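Participant: The structure that follows is given in the form of structure tokens.
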Amino acid sequence: MTEEKRRGAVTRRSFLKTSALAAGAAVAGGVALSGFDAALADPAAEERICIAGDQYAGCASCQTEVIVREGKVVGNRRWMDDPRGNRPCLKGLAKFQRLYAENRIKYPMRRTGERGEGKWERISWDEAMAAITEKWQECLDTVGPQGLLLVGGGGKGGGYIHNYLVSRLANVLGCSVSAPCNDFALAQGHNKVFGPSTNTWGFPYLEFPYALKDSKTCIAWSSNRTVAGPQDWRGIAEAQENGMKLVSVDCTYTVLSQKADLWVRPKPGTDTVLIFGIMQHMIANGMTDEGFLRDHTVAPVLIDKETKRYARLSLIDPSYPQETIAYPYGPDIPVPVSVDPILVWDPAANAPGVLGEVAAPAINGQFEVGGKAMRTAYDMLIDTVNEWPVEKAAELTEVPAETIIELAEICYDGPVYHHCGYGAQSYNNGVQLGHAMAALGALTGNTCRPGAAINSGWIAPAFNVMYMGPTGFNSVSIPQLEIPQVLETGKFMGQDYPIKFVILQGSSMIGGGPDTARNAKALQMVDFIVGLDYLFNDAVRYADIVLPLANYYEQEEVMFAGSWVLYMEKCIDPMYEAKTDGEFARLLGTAFGYGELFDMTDEECAREALDADSMREVGITYDSVKEQRAIRWLQPDYHHDLNFETATGRMEFYVDDPQPRINFGQEYDYDKEHLPYWFPPTEAWETTEEMKQYPLVFTSERARNRYHTQDAESPWMLEIEPEPIVRLNPRDAAPRGLAEGDYVDVFNTRGLVIARLTLSEGVRPGMVVYPKGWQMDQFAKGSGCWGDLHNGQFDPVGVNSSYFDSVCEVRKHEGAVEFEGGDR
Amino acid sequence: MTRYGFAIDVKRCMGCMTCTVACKAANNLATGVWWNRMFTEGDAHDAPSGEYPNLKREFITMACQHCDNPACVKVCPVGATYKDPDTGVVRQDYDKCIGCRMCMSACPYTGVRSFNWEEPSYPFDLAVGDQDSPAHQKHVVEKCTMCWHRLAKGEEPACVVGCPADARFWGDLDDPDSAVSKLVQSRAWEQLLPEMGTKPSVYYLV
Chain A
1 MTEEKRRGAV TRRSFLKTSA LAAGAAVAGG VALSGFDAAL ADPAAEERIC IAGDQYAGCA
61 SCQTEVIVRE GKVVGNRRWM DDPRGNRPCL KGLAKFQRLY AENRIKYPMR RTGERGEGKW
121 ERISWDEAMA AITEKWQECL DTVGPQGLLL VGGGGKGGGY IHNYLVSRLA NVLGCSVSAP
181 CNDFALAQGH NKVFGPSTNT WGFPYLEFPY ALKDSKTCIA WSSNRTVAGP QDWRGIAEAQ
241 ENGMKLVSVD CTYTVLSQKA DLWVRPKPGT DTVLIFGIMQ HMIANGMTDE GFLRDHTVAP
301 VLIDKETKRY ARLSLIDPSY PQETIAYPYG PDIPVPVSVD PILVWDPAAN APGVLGEVAA
361 PAINGQFEVG GKAMRTAYDM LIDTVNEWPV EKAAELTEVP AETIIELAEI CYDGPVYHHC
421 GYGAQSYNNG VQLGHAMAAL GALTGNTCRP GAAINSGWIA PAFNVMYMGP TGFNSVSIPQ
481 LEIPQVLETG KFMGQDYPIK FVILQGSSMI GGGPDTARNA KALQMVDFIV GLDYLFNDAV
541 RYADIVLPLA NYYEQEEVMF AGSWVLYMEK CIDPMYEAKT DGEFARLLGT AFGYGELFDM
601 TDEECAREAL DADSMREVGI TYDSVKEQRA IRWLQPDYHH DLNFETATGR MEFYVDDPQP
661 RINFGQEYDY DKEHLPYWFP PTEAWETTEE MKQYPLVFTS ERARNRYHTQ DAESPWMLEI
721 EPEPIVRLNP RDAAPRGLAE GDYVDVFNTR GLVIARLTLS EGVRPGMVVY PKGWQMDQFA
781 KGSGCWGDLH NGQFDPVGVN SSYFDSVCEV RKHEGAVEFE GGDR
Chain B
1 MTRYGFAIDV KRCMGCMTCT VACKAANNLA TGVWWNRMFT EGDAHDAPSG EYPNLKREFI
61 TMACQHCDNP ACVKVCPVGA TYKDPDTGVV RQDYDKCIGC RMCMSACPYT GVRSFNWEEP
121 SYPFDLAVGD QDSPAHQKHV VEKCTMCWHR LAKGEEPACV VGCPADARFW GDLDDPDSAV
181 SKLVQSRAWE QLLPEMGTKP SVYYLV
């Protein structure tokens, strides 16, 4: 049949009117449209459009028109009325394909072979729940509730209803939970300076990219929004077209580097030194705002040279410290507080005074107070920075001195929006980068005003947290990176801590996390493992019982994303025997004897979670968000005021009492953590034994067709990139005898991956770059997965996955390359 | 007269390939068939040209250029490929097509057409895509229809509506007041293989 016949004799003149007629005819009897191919839709079939999106299984959780025909989801289209204005990218247009993935978990299954062997038998939900309840009782009887560890995962669980209902379950049971350890180093560094915040990742928030309209420059620090967050590019491009300068600091020539006015390529793991070089030039040339430093930072605070701590009034006034009572948690909860004001130097009186009381304290100088030698915090910072004069910084970072000076001039001539990605912080020195960057912002007061920001993460609205934690107590949380150690030794924080029972929700422990092989081995030491997901991911294959969960289109959800709270419509009923995460939590909670706390519908869950003044004040209720689909909880022009969330209310680039991100009794160098400092990456540095043997720094990039491990099975995405590839600079390929399209082994002592090589001058010599997100069974036979090669070591202060702090070698693969299910 | 065409802002284009997937989705393209594809400069996909630090990379998305002087139309022995006189859209009549593939060899824009050697196959046993998109047939040549089925409903082509970079524009190139005409008038542009004399209706804004 021709288009002509289908369409009738369409002419320009009758063009627009024809469609309505054709539709009418189709409904009346399908005369003009008979003989449809079986592979095509029946045009007479009723089409229903739902507005829904993935629930954290995508970079922006774009809401799309989800097309439903005959009870099946058959496509995604841009939702033209989206208040966020999002235009779902290729991943968003293929999200529906995940419903029908070949590895969809259809019904509960019990392991019949060895762990990880892949042999299963189908069981009923009742049988599964009976086995789980028995193991829970055994766990309670032998080691107590904390012997159950719930490992959460990004990308699957949903939002307020489903994910938080699982959190509620963990809270009610009193079991152990995992604390995520991904992409937190930079934010921890920012947190040190800006203060720990309950609802942001360590920075005064300024909406990106909206705020760029006021920025003179945007410096993207190893951030490739064009691929990692394509919804942001429109805003960046618009600002650039209106005169904003775009700078990309990245080891790799990314798409954003290609679009930038200036691309800076530091040596991997040295961005902190680049910032020191910038700061050194600024300080040496008076390119600072001394008023801001004096009034809004700890620059004037006197530091005791011996203890390296803030000098306090008790040094000179024996009536301090004084005890008092504060009520930070409300009028019923008194908290004893010790008051010992911080000292500064008052040049007018030529005497010490109290921070906040002295109008114009000195920010430079050496003083003696109470018989102790003192320096100002600013001088201490200057000493650190002066260790890296521009020329020396240029030598280490391999960024030309004139470029460092150009960057210094850009930073002085603000406002600058420092937008941070997660690449440069993916070495063990990542916290230092965040700390140094925030200190750089302090020099000119480049924060908390239009267009000026140091931004590393996201912000979350306050909601009714009691919904998640009705007991009022926090669960014991084990940092995800420490879990293998806990499983191997049966100890946590120096005490016996046996884990008998693990629930894996999603795939973040294996597949998304580093040091895959060690995690897989550690899991073997657990008595009983339950895996939850809707696809057979890399983690659930180690389970004893696997349960089929619902996909995002099979459940109603309310969630936040950036400045918005979103409503996701349920498009279809769960397929096969799948149940939602929330339903799983209800079943388990009820089976374990807490039925009264779980006797609530999805709608009741959402209503309870949103039952907070902070939500009501911005007009967000279950009803309003369901009606409007997306409501802002934060206005675009919001910016934080200069009252920072630190103890001093100032930017604390010098930290009085530096603490790790998560304290589980680990050792760290306390004295060094007051100020930012640079140390080389643990493995990925030329002087290490590992790097002498394996000379290439092993790094990843975001793939345009996958969101972490999401979308890896979608057929359209696989057509675009059918197999794992790895990028190498031609200069590194030539001496190894490697050519475009070769199969290569990428390997180190921890593992080996077979991938197809592609050459790019955009890759820095001495590095490999692999697009991340492949599942294990998608690699060639005999290959491991990318996570196998990761170094599991982590910085005790950041407690963060250092995905790039590893090295590898690349060689031509010998022998045939075969895949499960045939050629790619 | 009316001549529908595209303006594609290469400075804005981030090579995300959403347009290629939007096309695939709207038109329910079979496995292995892409009417719109993304190319990069350099030897390999996504690789820049030049040597560090002077690297250059641009993304070119390429589909049927809906030429004003189409080479394909002249060689089709049965009139299956033709230029719609009222819109300038270069169209294919699948029923008339005898599968000789003369149009494919005559078209200088290699790869914008594909030939269904086998019965088209799909990833799922499901009818996806727009309900009113044309059916795919064995032994015929296919290419971009400019989303004829969407134009008929007063909608823009799927690749234009879907572009996350807001880099793709569609409209009447013969109307000086249309958005595309204004872009072509105000921006520097390039066309693909202008020396072939095909007069493409796609302008790449550079």
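Protein sequence lines correspond, in order, to chains A and B.
The opening residue of the first sequence carries number 1 in our numbering; numbering runs sequentially from there.
The opening residue of the second sequence carries number 1 in our numbering; numbering runs sequentially from there.
All C-beta atoms in this analysis are idealised placements derived from N, C-alpha and C, irrespective of residue type, glycine included.
Owing to the predicted nature of the structure, the values given are computational and were not obtained by experimental measurement.
To the nearest angstrom, report how far apart A:G445 and A:A438 are at their CA atoms.
Facilitator: Counted from its first residue, the first sequence places residue 445 of chain A at position 445. Counted from its first residue, the first sequence places residue 438 of chain A at position 438. Approximately 10 Å, taken between the alpha carbons.
Participant: For B:T18, decide whether its Cβ has a neighbour in chain A, counting only Cβ atoms nearer than 8 Å.
Facilitator: Counted from its first residue, the second sequence places residue 18 of chain B at position 18. It does; some Cβ of chain A falls within 8 Å.
Participant: Would you list, in chain order, the members of the segment 240-259 of chain A that have their beta-carbon closer than 7 Å to a beta-carbon of chain B?
Facilitator: Against chain B - using a Cβ distance shorter than 7 Å - the residues of the segment 240-259 of chain A are Y253, V255 and Q258.
Participant: Could you check where the alpha helix (DSSP H) with A:R518 kicks off and where it finishes?
Facilitator: Locating residue 518 of chain A in the first sequence gives position 518, where the first residue counts as 1. Its alpha helix (DSSP H) spans residues T516 to L523.
Participant: When you compare only the Cα positions, how much space is there between A:E603 and B:P48?
Facilitator: Here residue 603 of chain A is taken as the residue at index 603 of the first sequence, counted from 1. Here residue 48 of chain B is taken as the residue at index 48 of the second sequence, counted from 1. Taking the straight line joining both Cα atoms gives about 51 Å.
Participant: Going along chain B in order, which residues have a C-beta closer than 8 Å to the C-beta of A:T64?
Facilitator: As a first step, residue 64 of chain A is located in the first sequence; it is residue number 64 there, counting from the start. Result: empty, since nearest Cβ-Cβ is about 10 Å, beyond 8 Å.
Participant: Please report how far the alpha carbon of A:P548 lies from the alpha carbon of A:W136, in whole angstroms.
Facilitator: Stepping through the first sequence from its first residue, residue 548 of chain A is reached at position 548. Stepping through the first sequence from its first residue, residue 136 of chain A is reached at position 136. Rounded to whole angstroms, A:P548 to A:W136 spans 20 Å at the Cα level.
Participant: Should B:T63 be flagged as near chain A, meaning a C-beta pair shorter than 8 Å?
Facilitator: Looking up residue 63 of chain B in the second sequence gives position 63. Reading off the sequence, residue 63 of chain B comes out as Ala, not Thr. Taking Cβ atoms only, chain A never reaches closer than 8 Å to B:A63, which makes this a no.
Participant: Can you check which of these residues, A:M287, A:G235 and A:W685, is closest to A:E207 by C-alpha distance?
Facilitator: By one-based count along the first sequence, residue 207 of chain A stands at place 207. Of the candidates A:M287, A:G235 and A:W685, the one whose C-alpha sits nearest the C-alpha of A:E207 is A:G235.
Participant: Quick one, which residues of the segment 123-144 of chain B are near chain A if we go by CB-CB under 9 Å, in chain order?
Facilitator: The residues in question are P123, F124, D125, L126, A127, V128, G129, D130, Q131, D132, S133, P134, A135, H136 and Q137.
Participant: Using CA atoms only, rank isn't needed, just tell me which of A:G787, A:D581, A:G451 and A:A816 is closest to A:K216.
Facilitator: Taking the first residue of the first sequence as position 1, residue 216 of chain A is located at position 216. Of A:G787, A:D581, A:G451 and A:A816, the residue nearest in Cα terms is A:G451.
Participant: Compute the Euclidean distance between the alpha carbons of A:L881 and A:P470, then round it to the nearest angstrom.
Facilitator: Chain A is shown only over 1 to 824; residue 881 of chain A falls outside these bounds and no answer can be derived.
Participant: Please return the same chain residues whose Cβ sits closer than 6 Å to the Cβ of A:A703, not counting the five positions on each side in sequence.
Facilitator: The count along the first sequence starts at 1 and reaches residue 703 of chain A at position 703. Closer than 6 Å at Cβ, skipping near neighbours: P771 and G773.
Participant: Listing by chain order, which chain A residues have their CB less than 7 Å from the CB of B:L55?
Facilitator: By 1-based counting over the second sequence, the position of residue 55 of chain B is 55. Y253, E761 and G762, listed in chain order.
Participant: Answer yes or no: does any C-beta atom of chain B fall closer than 8 Å to that of A:A237?
Facilitator: For the purposes of this step, residue 237 of chain A is identified with residue 237 of the first sequence, where counting begins at 1. Taking Cβ atoms only, chain B reaches closer than 8 Å to A:A237, which makes this a yes.
Participant: Beta strand (DSSP E) containing B:G5: first to last residue?
Facilitator: Translated into positions along the second sequence, residue 5 of chain B becomes position 5. Where B:G5 is concerned, the enclosing beta strand (DSSP E) stretches over Y4 to D9.
Participant: Hey, how far is the Cα of A:Y100 from the Cα of B:G129?
Facilitator: Residue mapping note: residue 100 of chain A aligns to position 100 of the first sequence, counting from 1. Residue mapping note: residue 129 of chain B aligns to position 129 of the second sequence, counting from 1. Computed Cα separation, rounded: 15 Å.
Participant: Is it true that the CB of B:V140 sits closer than 8 Å to the CB of B:M102?
Facilitator: By 1-based counting over the second sequence, the position of residue 102 of chain B is 102. By 1-based counting over the second sequence, the position of residue 140 of chain B is 140. Cβ distance not < 8 Å, so B:M102 and B:V140 don't count as in contact.
Participant: Going along chain A, which residues have a C-beta under 7 Å from B:R12?
Facilitator: For this step, residue 12 of chain B is matched to residue 12 along the second sequence. Those are A237, listed as they occur along chain A.
Participant: Buried or exposed: A:E102, going by 16 or more other Cβ atoms within 10 Å of its Cβ?
Facilitator: As a first step, residue 102 of chain A is located in the first sequence; it is residue number 102 there, counting from the start. The residue in question, A:E102, is exposed, as its Cβ has fewer than 16 Cβ neighbours within 10 Å.
Participant: Give the residues of chain B in contact with A:T397, contact being defined as C-beta atoms less than 9 Å apart.
Facilitator: In the first sequence, residue 397 of chain A corresponds to position 397, counting from 1. Simply none; closest approach about 14 Å.
Participant: According to the Cβ coordinates, are A:L532 and A:I572 closer than 8 Å?
Facilitator: Within the first sequence, numbered from 1, the residue matching residue 532 of chain A stands at position 532. Within the first sequence, numbered from 1, the residue matching residue 572 of chain A stands at position 572. No. Outside cutoff.
Participant: Taking 8 Å as the threshold, find out whether the segment 366-373 of chain A comes into contact with the segment 309-325 of chain A through three or more Cβ pairs.
Facilitator: They touch, by the three-pair rule.
Participant: So, are the CB atoms of A:G243 and A:Y427 less than 8 Å apart?
Facilitator: Within the first sequence, the letter at position 243 stands for residue 243 of chain A. Within the first sequence, the letter at position 427 stands for residue 427 of chain A. Against a cut-off of 8 Å, the Cβ pair of A:Y427 and A:G243 comes out as no contact.
Participant: If I follow the unbroken beta strand (DSSP E) through B:T61, where does it start and stop?
Facilitator: Counting from one through the second sequence, the residue named residue 61 of chain B turns up at place 61. Note, B:T61: beta strand (DSSP E), F59 to M62.
Participant: Please list the terminal residues of the continuous alpha helix (DSSP H) segment that includes A:E402.
Facilitator: Taking the first sequence and counting its residues from 1, the one referred to as residue 402 of chain A is at position 402. It spans A401 to Y412 - the alpha helix (DSSP H) in which A:E402 sits, taken as one unbroken run.
Participant: For A:W233 and chain B, any beta-carbon pair shorter than 8 Å?
Facilitator: The residue given as residue 233 of chain A occupies position 233 in the first sequence. Yes - at least one Cβ of chain B is within 8 Å of the one on A:W233.
Participant: Less than 8 Å between CB atoms is the rule here; does B:V161 satisfy it with respect to chain A?
Facilitator: Looking up residue 161 of chain B in the second sequence gives position 161. For B:V161, the answer is yes, since a Cβ of chain A falls inside 8 Å of its Cβ.
Participant: If you count every other CB in all the chains shown that lies within 10 Å of the CB of A:T749, and 16 or more means buried, which is it?
Facilitator: As a working mapping, residue 749 of chain A is identified with position 749 in the first sequence. With fewer than 16 Cβ atoms within 10 Å of its Cβ, A:T749 is classed as exposed.
Participant: Out of curiosity, what's the CA-to-CA distance linking A:A25 and A:N705?
Facilitator: Working through the first sequence from its first residue, we reach residue 25 of chain A at position 25. Working through the first sequence from its first residue, we reach residue 705 of chain A at position 705. A caution first: A:A25 carries a pLDDT of 31, below 50, which makes its placement in the model too unreliable to give a value.
Participant: Report the partner residues of B:K83 according to the DSSP bridge assignment.
Facilitator: As a position in the second sequence, residue 83 of chain B is number 83, starting the count at 1. According to DSSP, B:K83 bridges with B:V90.
Participant: Go through its chain and collect everything with a Cβ distance to A:G118's Cβ below 7 Å, but skip five positions before and after it.
Facilitator: If you number the first sequence from 1, residue 118 of chain A lands on position 118. Result list for A:G118: R541, in chain order.
Participant: How would you label A:R168, buried or exposed, when you count the other beta carbons within 10 angstroms and need 16 or more for buried?
Facilitator: For the purposes of this step, residue 168 of chain A is taken as the residue at position 168 of the first sequence. It counts as buried.
Participant: Counting only Cβ pairs nearer than 7 Å, list the residues of chain A close to B:K24.
Facilitator: Counted from its first residue, the second sequence places residue 24 of chain B at position 24. W716, listed in chain order.
Participant: Quick one: is A:N171 buried, meaning 16 or more other Cβ sit within 10 Å of its Cβ, or exposed?
Facilitator: Stepping through the first sequence from its first residue, residue 171 of chain A is reached at position 171. Looking at its Cβ environment, which holds 16 or more other Cβ atoms inside 10 Å, A:N171 is buried.
Participant: Where does A:V530 land, buried or exposed, given buried means 16+ other C-beta within 10 angstroms?
Facilitator: Walking along the first sequence from the start, residue 530 of chain A turns up at place 530. Under this definition A:V530 is a buried residue.
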